[in-house]
Amino acid sequence: MAEFEILASGYRFVEAPRVDGNDILYFADLLGGGVHRRDSQGCKPVLPGRMWVGGVLMNADGRIICSGKGGLVIANPDTGDAADLLTEIDGEPIIAVNDIEAASDGGLYGGTIDFTAAFETHQPLSPGKLFHLSSNGQTTIFRDDVFASNGISYSPDRGTLYHSETSVGIWAWDIGQDAMLANGRIIIEVEDSDGLAVDTDGGIWVACYQSAEVIRYMPGGQVDRRIPLPFPNIISLDFGGPGDRWLYVSTGGQNAEGEPVGGVIRFDTGIRGIRSATARFGQTI
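The numbers in numbering that gives the first Met the number 0 rise by one with no breaks, and the one at position 100 of the sequence shown is 99.
What follows is the structure, given as structure tokens:
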């Protein structure tokens, strides 16, 4: 088991760990609500009312982009002011957006998900979409049959996009010069994949929700290492910290007393990771 540092604890179901250029950590409590920031002064909410947030991105102007209930918002983390960025796709209202990642054109990739069915009606999930949102507001759908969209990241050469579809595995997509995706194929079959991150050697680090471990796969699908962690659920990942070697891991669940034990930990992987990319949306709020 890896030696790790606890950065945040006491939350219900932590998603979207993101480390900015100053190693300030952002994360969200998907079920408890809120987007939070951890800096030298500790943890505090920056968007306390936002629900179902599965993804956070840095924008080039210092704002953050958050997924969640109803779509995407772009927010000033210092004031809490927020504006809608995306609320529908092709005229269809969005139930929720889960994980997101910035695209080479300044826009982003994301996946919609039926959290109403998952958390409220407890019915089978309706299919979700894997989509691209350009910085001028145009959307392109690549799939409309995603069971449960989760982590998104890049190969070291930025030529391949990896996408975790829970219950299915890890997809790889070729990225064109216009940020469009083609030739989607499954490269790793794993049922409980959640978030993912990639290192500069091409290793794909996958958060395994039910087995409570992080697995590093090689691009060919071979397992390189397994890292079990003492938390009920392992949810999402991001690289950052000194030398970009530190893997930030979000967790969730309850202890034997029913108390929430979700939070964020980090450990040194010994391998330089690829940080989450930065979006370039120009809208002002």
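Think of the CB as a built atom: it goes at the ideal place given N, C-alpha and C, for glycine as much as any other residue.
Going by the CB atoms, is the gap between residue j and residue i shorter than 7 Å?
i, j, result
"A27", "V18", "no"
"G53", "D83", "no"
"L46", "R37", "no"
"G251", "V96", "no"
"D223", "Y208", "no"
"G127", "T115", "no"
"I226", "A1", "yes"
Taking DSSP's pairing of strands, which residues face residue i in a bridge?
i, result
"K68", "A95"
"N232", "G251"
"S192", "C207"
"V34", "A27 and L46"
"D173", "T159 and A181"
"I264", "I5 and V248"
"V52", "Beta-bridge pairing links V52 to no other residue."
"D237", "Y247"
"G110", "L129"
Under three-state DSSP, which class holds residue i?
i, result
"T120", "helix"
"G281", "coil"
"D243", "helix"
"T165", "coil"
"T115", "helix"
"I285", "Absent from the structure is residue 285, since the part of the chain shown begins at 0 and ends at 284."
"N58", "strand"
"N21", "coil"
"N135", "coil"
"P16", "strand"
"N75", "coil"
"D200", "coil"
"R11", "coil"
"D104", "coil"
Of the choices the options, whose alpha-carbon is the least far from that of residue i?
i, options, result
"M179", "S235, A147, A1 and G105", "G105"
"E164", "V205, D198, I93 and N135", "V205"
"A101", "W172, Q253, S133 and G251", "S133"
"A278", "A74, Q221, G219 and P126", "A74"
"V55", "F266, C207, Q221 and L236", "L236"
"D143", "E256, V263, E212 and G183", "G183"
"I169", "C42, R224 and Y153", "Y153"
"G240", "L228, Y216 and F266", "F266"
"T138", "N254, E119 and D177", "D177"
"K68", "N58, G61 and P92", "P92"
"T159", "Y108, L124, N135 and T120", "Y108"
"D16", "G150, R62 and M50", "Going by the sequence as given, residue 16 is Pro instead of Asp. Checked all of G150, R62 and M50; the closest Cα to P16 is G150."
"F280", "R62, M50 and G41", "R62"
"G269", "T199, G70, N21 and R49", "T199"
"F130", "A117, G219 and I88", "I88"
"R11", "M50, Y216 and L71", "M50"
"A276", "R225, S103, H121 and G194", "S103"
"G242", "S66, N254, G79 and D22", "D22"
"F141", "I174, D156, D113 and H121", "I174"
"I186", "W172, D193 and G194", "W172"
Rounded to whole angstroms, how far is the Cβ of residue i from the Cβ of residue j, which I believe are closer than 8 Å?
i, j, result
"V197", "Y161", "7 Å"
"V213", "I233", "6 Å"
"S166", "A147", "6 Å"
"V260", "L228", "At roughly 12 Å, the Cβ-Cβ gap does not stay under 8 Å, so V260 and L228 are not in contact."
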